[in-house]
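Trainee:
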Amino acid sequence: MQQGMLSSLLLSLFLALGAPQVAATSMTPERVELWRQSDHMQAKVAELLQYVMEDKTDILSFSLERLAFPQQEVARYLLLQKLEQQELILTPKMAIFVEQQKAMVPTYQVIEMGDGYEFTTPAFNYPAIASRLLKRWHQDQSVLEFVMQAERQQLDLQQWLSGSNYQKQAREQLLLRELDSLSPEAVRYLGQQLTDKVVVSWLPSPQVMVRLAQVSEDPAVYKLLWLMKASFYSEEEIRRLGSVADPFAIEQLMAAAHNPSLSELAITQLVGIKPMTLAVEEFLIAKMGSKDDAPFVARQLLEQGYSTWLTELASSDKRVKRNQILSVLSQ
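First residue of the sequence shown? That's 1 in the working numbering, and the numbers climb one at a time after it.
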């Protein structure tokens, strides 16, 4: 890959410094559109596209250079446009070809005139399309590298998520997009880099932690998440778990309630899950054994229609704070 990028750079320099300059020629917008819609040019581009599919870049370049102007520029533009629209994955050889197109200077210009101003734009702006294609290619290479290293269990998560702010943000977004495409073994490998440490000195951002917990469904990863400072992402995860409401989600909501900053939200979600399981009942009874927690839990239960149960608890269960519950019931 490094050799390919070096070749790309050398070709770019050659084209930028050594290629002969062609004088710009104006073309009307109507003429530009006629060329773009030309059946002859569409047929020619279909032929060129076949060389792309076969990765025959030498024949492709030769075929383009044989075309007279302006057909040559129209063909370059339409071909790159096809590559972009079809989202074709570039091979290393095709990436070098696209790099060549980016370095070329379009010959034909459209003159735009307005009230007191005049400016020109390329009639067939294939360098702009080439630039977008290369940007996407570099992104694809980053994704491939991430997936391969994770699957081979060679990705050091802490090191990979280090660097400049831009690099960290870009890699976090890549991880968030691609994590669920990894195998369960690769996801488990990433999670174990956090959970297997006796002393946790580093954790990813809350957004990454939430996504890793969701995809792995590893209680150990969730445990670390609930130990972190409350954030928008952890709160959203609690709401999501409340909507899922399966046994695993309920278990995690009870675990999240041990974080003082997340406790009220987790309890609210738990109380809203119906029918209430015995495990949740016991958990809420234990919470109502705390003078600090009893009023909030009782209010949530009352709002969800559990007044009869609260009355029974206050009168017969010595584990709960009777006075706090009765105070809520009397309001």
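Note that the Cβ used here is the ideal one computed from N, Cα and C, for glycine as well.
The structure presented is a predicted model; accordingly, all values stated were derived computationally and were not measured.
Taking 8 Å as the cut-off, decide whether the C-beta atoms of THR121 and PHE69 are in contact.
Mentor: The residue labelled residue 121 in the question sits at position 121 within the sequence shown. The residue labelled residue 69 in the question sits at position 69 within the sequence shown. No. Outside cutoff.
Trainee: I want to know whether the region 224-243 touches the region 264-275 - three or more CB-CB distances under 8 Å.
Mentor: Contact holds: three or more Cβ-Cβ distances are below 8 Å.
Trainee: Is VAL149 helix, strand or coil by DSSP?
Mentor: Indexing the sequence shown from 1 puts residue 149 at position 149. The question names Val, yet the displayed sequence has Gln at residue 149. Helix.
Trainee: In terms of residues, what are the limits of the beta strand (DSSP E) holding GLU30?
Mentor: Translated into the one-based positions of the sequence shown, residue 30 becomes position 30. First-last for GLU30: 29-37, but that is the alpha helix (DSSP H), not the beta strand (DSSP E).
Trainee: Determine the burial state of ALA46: buried for a count of at least 16 other Cβ atoms within 10 Å of its Cβ, exposed for fewer.
Mentor: Reading the sequence shown from its first residue, position 46 is the one you call residue 46. ALA46 should be labelled exposed.
Trainee: For ILE89, which of helix, strand or coil comes out of DSSP?
Mentor: What you label residue 89 is simply residue 89 of the sequence shown in a count that begins at 1. ILE89 falls in the coil class under three-state DSSP.
Trainee: For LEU179 versus GLU151, is the C-beta spacing smaller than 8 Å?
Mentor: Working through the sequence shown from its first residue, we reach residue 179 at position 179. Working through the sequence shown from its first residue, we reach residue 151 at position 151. It is not a contact, given that the beta carbons lie outside the stated cut-off.
Trainee: Closest to TYR77 by CA distance: which of SER38, LYS93, ASP58 and GLU112 is it?
Mentor: As a working mapping, residue 77 is identified with position 77 in the sequence shown. Of the candidates SER38, LYS93, ASP58 and GLU112, the one whose C-alpha sits nearest the C-alpha of TYR77 is SER38.
Trainee: CB LYS102 to CB SER63, shorter than 8 Å?
Mentor: Sequence index remark: in the sequence shown, residue 102 carries index 102 (1-based). Sequence index remark: in the sequence shown, residue 63 carries index 63 (1-based). Contact: no.
Trainee: Below 8 Å, can you find three or more Cβ-Cβ pairs linking the region 254-262 to the region 222-239?
Mentor: Counting Cβ pairs under 8 Å, three or more are found: they touch.
Trainee: Among ASP58, SER201, GLN71 and ALA43, which has the Cα closest to the Cα of VAL32?
Mentor: One-based indexing of the sequence shown puts residue 32 at position 32. Of the listed residues, the one whose Cα sits closest to VAL32 is GLN71.
Trainee: Could you compute how far the alpha carbon of LYS318 sits from the alpha carbon of GLU303?
Mentor: On the sequence shown, position 318 is the one that residue 318 refers to. On the sequence shown, position 303 is the one that residue 303 refers to. Looking at the two C-alpha atoms, the distance is approximately 23 Å.
Trainee: Take ILE325 and list the residues in its own chain whose beta-carbon comes closer than 7 Å to its own, dropping the five residues that flank it on each side.
Mentor: Along the sequence shown, one-based indexing puts residue 325 at 325. Result list for ILE325: MET288, ALA294, ALA298, LEU310, LEU313 and ALA314, in chain order.
Trainee: Closest by CA to ARG177, which one among VAL52, MET113, VAL320 and LEU144?
Mentor: Residue 177 sits at position 177 when you count from the first residue of the sequence shown. If we check each option's Cα against that of ARG177, LEU144 comes out closest.
Trainee: If ASP115 and THR91 are in contact, beta carbons under 8 Å, what's the gap, nearest whole angstrom?
Mentor: The sequence position of residue 115 within the sequence shown is 115, counting from 1. The sequence position of residue 91 within the sequence shown is 91, counting from 1. Not confirmed; about 48 Å, so no contact.
Trainee: Out of LEU262, GLU237 and SER201, state which residue places its alpha-carbon closest to the alpha-carbon of ALA230.
Mentor: Position 230 of the sequence shown, counted from the first residue, corresponds to residue 230. Among LEU262, GLU237 and SER201, the Cα nearest to that of ALA230 belongs to LEU262.
Trainee: Which word fits GLN21, buried or exposed, when buried means at least 16 other C-beta atoms lie within 10 angstroms of its C-beta?
Mentor: Counting from one through the sequence shown, the residue named residue 21 turns up at place 21. For GLN21, the pLDDT reaches just 40, beneath the cut-off of 50, and the residue's location in the model is therefore unreliable, although a value from the coordinates is still provided. GLN21 is exposed by the Cβ-count criterion.
Trainee: Since ARG188 and SER142 are thought to touch, with beta carbons under 8 Å apart, how far apart are those beta carbons, to the nearest angstrom?
Mentor: Locating residue 188 in the sequence shown gives position 188, counting from the first residue. Locating residue 142 in the sequence shown gives position 142, counting from the first residue. No, ARG188 and SER142 are not in contact; Cβ-Cβ is about 23 Å, not under 8 Å.
Trainee: Is the beta carbon of LEU161 sitting closer than 8 Å to the one on LEU190?
Mentor: Counted from its first residue, the sequence shown places residue 161 at position 161. Counted from its first residue, the sequence shown places residue 190 at position 190. Cβ atoms of LEU161 and LEU190: not closer than 8 Å.
Trainee: Which one of LEU60, ARG171, VAL320 and TYR51 has the shortest CA to CA distance from LYS291?
Mentor: The count along the sequence shown starts at 1 and reaches residue 291 at position 291. Looking at the Cα atoms, VAL320 is the closest of the given residues.
Trainee: Suppose the cutoff is 7 Å on Cβ atoms and the five residues either side in sequence are ignored; what does the same chain contact list for MET41 look like?
Mentor: Taking the sequence shown and counting its residues from 1, one reaches residue 41 at position 41. Excluding sequence neighbours, MET41 sits near TRP35, GLN71, VAL74, ALA75 and LEU78.
Trainee: Thinking C-alpha only, which one of SER26, VAL198 and ARG171 is nearest PHE124?
Mentor: The sequence position of residue 124 within the sequence shown is 124, counting from 1. Answer by Cα proximity: SER26.
Trainee: How far does the alpha helix (DSSP H) with THR120 in it reach, from first residue to last?
Mentor: Here residue 120 refers to the residue found at position 120 of the sequence shown. First-last for THR120: 117-122, but that is the beta strand (DSSP E), not the alpha helix (DSSP H).
Trainee: ILE111 bridges to which residues according to DSSP?
Mentor: Here residue 111 refers to the residue found at position 111 of the sequence shown. For ILE111, which the question treats as bridged, DSSP gives the partners THR120.
Trainee: TYR166: buried (16+ other C-beta within 10 angstroms of its C-beta) or exposed?
Mentor: In the sequence shown, the residue the question calls residue 166 occupies position 166. With fewer than 16 other Cβ atoms within 10 Å, it is exposed.
Trainee: Once you ignore the five residues that flank ARG322 on each side, which residues in its own chain have a CB closer than 6 Å to its CB?
Mentor: Numbered from 1 along the sequence shown, position 322 holds the residue referred to as residue 322. Excluding positions up to five away in sequence, the list reads ALA314.
Trainee: Give a yes or no on whether the C-beta atoms belonging to ILE250 and ILE285 are separated by under 8 Å.
Mentor: Translated into the one-based positions of the sequence shown, residue 250 becomes position 250. Translated into the one-based positions of the sequence shown, residue 285 becomes position 285. No. Outside cutoff.
Trainee: Are TRP137 and ALA170 touching if we call contact CB-CB under 8 Å?
Mentor: On the sequence shown, residue 137 is found 137 positions in, with the first residue counted as 1. On the sequence shown, residue 170 is found 170 positions in, with the first residue counted as 1. Cβ distance not < 8 Å, so TRP137 and ALA170 don't count as in contact.
Trainee: Quick check: what's the CA-CA separation for LYS197 versus MET276?
Mentor: Taking the first residue of the sequence shown as 1, we reach residue 197 at position 197. Taking the first residue of the sequence shown as 1, we reach residue 276 at position 276. Cα-Cα distance, rounded: 36 Å.
Trainee: By the 10 Å Cβ neighbour count, where 16 or more other Cβ atoms means buried, how is SER330 classified, buried or exposed?
Mentor: In the sequence shown, the residue the question calls residue 330 occupies position 330. By the neighbour-count rule (16 or more Cβ atoms within 10 Å), SER330 is not buried but exposed.
Trainee: Nearest by alpha-carbon distance to GLN214: which of VAL199, PRO184 and GLN193 is it?
Mentor: Translated into the one-based positions of the sequence shown, residue 214 becomes position 214. Per the Cα distances, PRO184.
Trainee: Quick check on the burial criterion: 16 or more other C-beta atoms within 10 angstroms. Buried or exposed for GLU402?
Mentor: What is shown of the chain runs 1 to 331, which leaves residue 402 out entirely.
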